[in-house]
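Shown next, in structure tokens, is the structure this report addresses.
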Amino acid sequence: MGTSTSSASPVSSPEPPAGTPDPSARPLSAPEASRRARTRRWLASWRRRDTRAAYAFISPWMVGFLALTAGPMAASFVLSFTNYDGIGATRSVGLENYRQLFEDPQVATSMANTLLFALMRVPLSMALALALALLLLRVGRAAGFFRTVFYLPVMTPSVAVGILFLLLFNGNVGLINTALGWVGVDGPSWTTDGAWVKPGLVLTTLWALGSTVVIYLAALRAVPQDLYEAAELDGAGRWQSFRHVTLPQISGAVFFTLVVNTIAALQTFDEAYTAFFGTSNAQTYSHEAALFYVVYLFQQAFQFMHMGYASAMSWLLFVIILVITVLQARLSRRFVYYEGETR
Numbered sequence: 001m002g003t004s005t006s007s008a009s010p011v012s013s014p015e016p017p018a019g020t021p022d023p024s025a026r027p028l029s030a031p032e033a034s035r036r037a038r039t040r041r042w043l044a045s046w047r048r049r050d051t052r053a054a055y056a057f058i059s060p061w062m063v064g065f066l067a068l069t070a071g072p073m074a075a076s077f078v079l080s081f082t083n084y085d086g087i088g089a090t091r092s093v094g095l096e097n098y099r100q101l102f103e104d105p106q107v108a109t110s111m112a113n114t115l116l117f118a119l120m121r122v123p124l125s126m127a128l129a130l131a132l133a134l135l136l137l138r139v140g141r142a143a144g145f146f147r148t149v150f151y152l153p154v155m156t157p158s159v160a161v162g163i164l165f166l167l168l169f170n171g172n173v174g175l176i177n178t179a180l181g182w183v184g185v186d187g188p189s190w191t192t193d194g195a196w197v198k199p200g201l202v203l204t205t206l207w208a209l210g211s212t213v214v215i216y217l218a219a220l221r222a223v224p225q226d227l228y229e230a231a232e233l234d235g236a237g238r239w240q241s242f243r244h245v246t247l248p249q250i251s252g253a254v255f256f257t258l259v260v261n262t263i264a265a266l267q268t269f270d271e272a273y274t275a276f277f278g279t280s281n282a283q284t285y286s287h288e289a290a291l292f293y294v295v296y297l298f299q300q301a302f303q304f305m306h307m308g309y310a311s312a313m314s315w316l317l318f319v320i321i322l323v324i325t326v327l328q329a330r331l332s333r334r335f336v337y338y339e340g341e342t343r
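For reference, each letter of the sequence shown is one residue, going 1 to 343 in full-length UniProt numbering.
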């Protein structure tokens, strides 16, 4: 009985399923794996048509931001370390411009004038705008007409407002002092007395608070009426309802206008320069009290041609505004209420 032997066929190992990592491949580090994952997600989203359309729509803004904002900011930062005068060769001076900022008495004077102006203008404009918005809330159907009337001055050129300041606040023939004389009050010299220059400018800039009024009116209309009804049932009066219902509900709008108005006040230029530095008889007015920071920056850049020094001044103002805004944002956590937020 013979036995037949057959040659054994080699047994092939099964292939690994798809998607199984190759054991011979080098393991990826955690940062590299995360970077590759982000790249794959970005490529997947880029293939979507709506993403490409979104980039196409915002591309004009991106080009404008890079060309008109980011580019000039980067250039001014570089120029702040030079003695660039706009004409001759540029020479690096290191931190000399920034050191000079703390030795220039006009920088301290102009910054003090600007901060004092902001402290007077911002609270007054916000309080007056809120009062006007509360009045518009009670007008009813005519609110749309008055809202337009209050907003129209915002479209008035600031140069015209500066000239209007000279006409209204002239110490001798100005309308303000004439009206004060009717009630037996001897009006001050708004344009020549340093103590009254900034209050006069504050009153002039209140002409254009219509945008703040519109923001407050929209916020007031969004307050739920049932909250007022509940407060009334609890025996709350008008002031208590305003304090405990209205203010918390519009605190987001108040915070927004606080930040925006503060930044605008710290950058005040047009009205002050037109009234006190751009007139033919500018020497008759008090320059010291009206010398705001941006006015002095403008003089250094385009009157004295100290472009490098003016660039350093602009970056100092940027840092000051940034610090103030950050402080406002931190303090807002105590009084700003957002719907749906738990405390």
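Idealized CB from N, CA, C, for every residue including glycine. Since this is a predicted model, take the numbers as computed values, not measurements.
Asked                                                                                                                                                                      : Found
Measure from the alpha carbon of residue 193 to the alpha carbon of each residue in 289, 31, 237, then state which is nearest.                                             : 289
Considering only DSSP beta bridges, list what residue 82 is partnered with.                                                                                                : 92
Quick one: measure Cβ to Cβ for residue 291 and residue 314, integer angstroms, because I've assumed they're closer than 8 Å.                                              : At roughly 16 Å, the Cβ-Cβ gap does not stay under 8 Å, so residue 291 and residue 314 are not in contact.
Does DSSP put residue 113 in a helix, in a strand, or in coil?                                                                                                             : helix
Per DSSP, what kind of secondary structure is residue 177 in: helix, strand or coil?                                                                                       : helix
Tell me, to the nearest whole angstrom, how far the beta carbon of residue 129 is from that of residue 216; I am working on the premise that it is less than 8 Å.          : 6 Å
What runs of the alpha helix (DSSP H), each 4 residues or longer, lie entirely inside the region 138-172?                                                                  : 143-151, 158-168
Can you give me the C-alpha to C-alpha distance between residue 108 and residue 152, rounded to a whole angstrom?                                                          : 36 Å
Return the chain-ordered list of same chain residues with a C-beta closer than 6 Å to the C-beta of residue 310, the five sequence neighbours on each side being excluded. : 297, 300, 301
Please report the residue range of the alpha helix (DSSP H) in which residue 252 lies.                                                                                     : 251-266
I need the DSSP call for residue 201, collapsed to helix, strand or coil.                                                                                                  : helix
Taking the beta carbon of residue 271 as the centre, do at least 16 other beta carbons fall within 10 Å, making it buried, or is it exposed?                               : buried
Pop quiz: residue 363 and residue 154 are said to be a contact at Cβ under 8 Å. What is the actual Cβ separation, rounded to whole angstroms?                              : Residue numbering for the chain in the displayed model covers 1 to 343; residue 363 lies beyond these limits and cannot be assessed.
My output table needs one value for residue 306: the three-state DSSP class, helix, strand or coil.                                                                        : coil
Taking buried to mean at least 16 other C-beta atoms within 10 Å of its own C-beta, is residue 62 buried or exposed?                                                       : exposed
Spatial neighbours of residue 116 within its chain, please: CB distance less than 8 Å, with the 5 preceding and 5 following residues excluded, ordered by chain position.  : 198
Quick check: the Cα distance between residue 187 and residue 312, rounded to an integer number of angstroms?                                                               : 40 Å
Leaving out the 5 sequence neighbours to the left and right, which residues in its chain are closer than 8 Å to residue 93 when beta-carbon positions are compared?        : 81, 82, 83, 308
Pick from 278, 95, 185, 234: whose alpha carbon is nearest that of residue 163?                                                                                            : 278
Please specify which runs of the alpha helix (DSSP H), each continuous and at least 4 residues long, are wholly inside the region 203-235, giving them in chain order.     : 210-221, 225-233
Around the Cβ of residue 76, are there at least 16 other Cβ atoms within 10 angstroms (buried) or fewer (exposed)?                                                         : buried
DSSP state of residue 291, grouped into three classes?                                                                                                                     : coil
In three-state DSSP terms, what is residue 274?                                                                                                                            : helix
Alpha carbon to alpha carbon, how far is residue 38 from residue 334?                                                                                                      : 37 Å
Closest by CA to residue 249, which one among 225, 266, 263, 57?                                                                                                           : 225
Just to confirm before moving on: does the CB-CB distance between residue 220 and residue 137 stay below 8 Å?                                                              : yes
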